[in-house]
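Down below is the structure, laid out as structure tokens.
Residue numbers (my numbering), protein chains in the order written: chain X, 660 to 971; chain C, 72 to 344.
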């Protein structure tokens, strides 16, 4: 920037900042504005996020297939979606995966988080093992699942056979594929929830627990009446983070089953991807994606309300 | 009596934790062991835990496929998008912290919540029109959509902790704004930049969807190449596990460095927003 440019910017900044910047003790001196520094990030976000989002929303109002000229059809794609059995199948599977995984991860994560607070040996090693699963690429999770859960040659069925169980088809059986995916995700992300719970638990006031113990509250009473309510905001935070990923779940399913067998694991995001990038029905796929986005935002907003209710 | 019960409880706690660790480590250990097993023993049941380790799976992986090139592509894309994300996020996060702006941070959460497929559709049209499909640049730009919000959210608390007087005195001493940022602020938030850079790199390295659609023959990442191995029905599990081991290594090593700050960094957006 040239000297004049800098001077002009500084002057403009001073004008901008001076009237409101006098209040606090450290705001006695006029300071330059740094607001322009947001501009590059903002421009990038507009070009790569806002514009494409608007474009996708516009696309969802059109009949647009590869080779044909796009035609504006209003809300027809959304009407078609509501009458589409595949959409409702995807909706049901998305809901199932979300509820199942969230339940497992919150319950097991709370248990594990409180266990971590009690066990004080080898903290560094324990943390290393706990953070590893959720830092692994999803494709590695998928590759491990394919080798370990292989119905015929996988070591999982061999282990089950040693216990007199199985064999299971895991990802190859429409009846077990979603449960398997939910457990894969829980293997990867329960430690994450546990570490959030641990952090929340360690920041709670100690004296509440001591007072309850002196008053003769049993361990289960202390857990139900004190620990759990105090941890509620932490748990809601964990639920938000997991929900955002679970509702738009894609990677591990696409890598292992591509939505199969049949349609048994075609969640909404898989369905949207296949319609868009395998069948090239851009308009309809965009409608699916916008609907899924609305579901994710709605859930996050509901959780935000819940967190305010759970705050203490 | 009471002491005995406390000891029993401690013992049970330790046992439970050991079981959890076993469940978490076993699949990863299985993957690494399989990668070093001779071809004939990879699928052997009962599993052989004692075997003479070999590098033949890795040799086959790198000799028979383009995996080395794919890995280099991954490095270029992850490195490039990390750099781009940081260059954009660093001044933005500073200004957001200084002026207590909240709306840009909230806006970036939007990108974190919407399904990636939603952006992919317009991007495909956009990059096709620009002739960028199959280029490294398209992947760097799209992966920066992942890295930018991460970098902003990780950096914000570090800037918030910066004493305002230091920035103000730098100005009074006649520093230009970009000098203030680079010479005064940067050294003080350097630990935050390291955490942000590592998280960005790992997120970009791991990301699957964008490269699945937008990469071409010469820009295919190791992640997508591994997915293609599965799709081709590769029956050589040894080589498959060797590939998995190679792509799992950078995230595992990098996060080892910053594991104390990891969970805070990953959940920053949700805790505040």
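Positions of the beta carbon are idealized from the N, C-alpha and C atoms, including for glycine. Please read these numbers as outputs of a predicted model, since none were measured by experiment.
Any C-beta of chain C under 7 angstroms from that of residue i
i	result
residue 910(X)	yes
residue 803(X)	yes
residue 746(X)	no
residue 869(X)	no
residue 666(X)	Below a pLDDT of 50, predicted positions are generally treated as unreliable, and residue 666(X), at 36, falls in that range; no measurement from the model is reported.
residue 892(X)	no
residue 730(X)	no
residue 736(X)	no
residue 935(X)	yes
residue 684(X)	Because residue 684(X) sits at a pLDDT of 48, beneath the cut-off of 50, its placement in the model cannot be relied upon, and the point is left open.
Minimum C-alpha distance to residue i - residue among the options
i	options	result
residue 840(X)	963(X), 967(X), 908(X), 885(X)	908(X)
residue 1005(X)	921(X), 719(X), 727(X)	In the structure as shown, chain X starts at 660 and stops at 971, and residue 1005(X) therefore has no counterpart that could be examined.
residue 101(C)	324(C), 333(C), 79(C), 309(C)	309(C)
residue 761(X)	726(X), 750(X), 845(X), 811(X)	845(X)
residue 193(C)	284(C), 179(C), 302(C)	284(C)
residue 754(X)	712(X), 884(X), 838(X), 743(X)	838(X)
residue 259(C)	139(C), 302(C), 165(C), 155(C)	165(C)
residue 92(C)	704(X), 792(X), 890(X), 703(X)	792(X)
residue 701(X)	85(C), 118(C), 178(C), 144(C)	178(C)
residue 905(X)	746(X), 849(X), 810(X)	849(X)
residue 888(X)	867(X), 873(X), 742(X)	867(X)
residue 293(C)	315(C), 196(C), 124(C), 266(C)	315(C)
residue 769(X)	797(X), 895(X), 826(X)	895(X)
residue 116(C)	810(X), 800(X), 747(X), 775(X)	810(X)
residue 147(C)	297(C), 226(C), 289(C), 303(C)	289(C)
residue 107(C)	119(C), 90(C), 125(C), 114(C)	125(C)
residue 312(C)	122(C), 75(C), 118(C), 129(C)	129(C)
residue 938(X)	724(X), 873(X), 699(X), 890(X)	724(X)
residue 709(X)	127(C), 185(C), 271(C), 120(C)	185(C)
Buried versus exposed, by CB contacts within 10 Å (16 or more), residue i
i	result
residue 151(C)	buried
residue 766(X)	exposed
residue 231(C)	exposed
residue 234(C)	exposed
residue 964(X)	exposed
residue 715(X)	buried
residue 864(X)	exposed
residue 169(C)	buried
residue 174(C)	exposed
residue 346(C)	Since the first and last residues shown for chain C are 72 and 344, residue 346(C) lies out of range.
residue 145(C)	buried
residue 82(C)	exposed
residue 98(C)	buried
residue 862(X)	exposed
residue 877(X)	exposed
Beta carbon proximity, residue i to chain X, threshold 7 angstroms
i	result
residue 227(C)	no
residue 329(C)	no
residue 277(C)	yes
residue 217(C)	no
residue 102(C)	yes
residue 250(C)	no
residue 294(C)	yes
residue 96(C)	yes
residue 118(C)	yes
residue 259(C)	no
residue 21(C)	Not covered by the structure: residue 21(C). The range shown for chain C is 72 to 344.
Residues that residue i bridges to, as DSSP identifies them
i	result
residue 721(X)	731(X)
residue 940(X)	724(X)
Alpha-carbon spacing of residue i relative to residue j, whole angstroms
i	j	result
residue 87(C)	residue 860(X)	19 angstroms
residue 916(X)	residue 280(C)	15 angstroms
residue 820(X)	residue 752(X)	30 angstroms
residue 78(C)	residue 780(X)	14 angstroms
residue 201(C)	residue 213(C)	14 angstroms
residue 881(X)	residue 967(X)	23 angstroms
residue 176(C)	residue 307(C)	46 angstroms
residue 764(X)	residue 692(X)	45 angstroms
residue 248(C)	residue 695(X)	10 angstroms
residue 738(X)	residue 719(X)	11 angstroms
residue 94(C)	residue 221(C)	30 angstroms
residue 154(C)	residue 268(C)	8 angstroms
residue 741(X)	residue 750(X)	11 angstroms
residue 357(C)	residue 300(C)	As shown, chain C starts at 72 and ends at 344. That puts residue 357(C) outside it, with no answer to give.
residue 795(X)	residue 802(X)	11 angstroms
residue 706(X)	residue 261(C)	29 angstroms
residue 855(X)	residue 787(X)	15 angstroms
Heavy atom of the ligand NAD within 6 angstroms of residue i beta-carbon
i	result
residue 283(C)	Absent from the structure shown: the ligand NAD. Ligands present: none.
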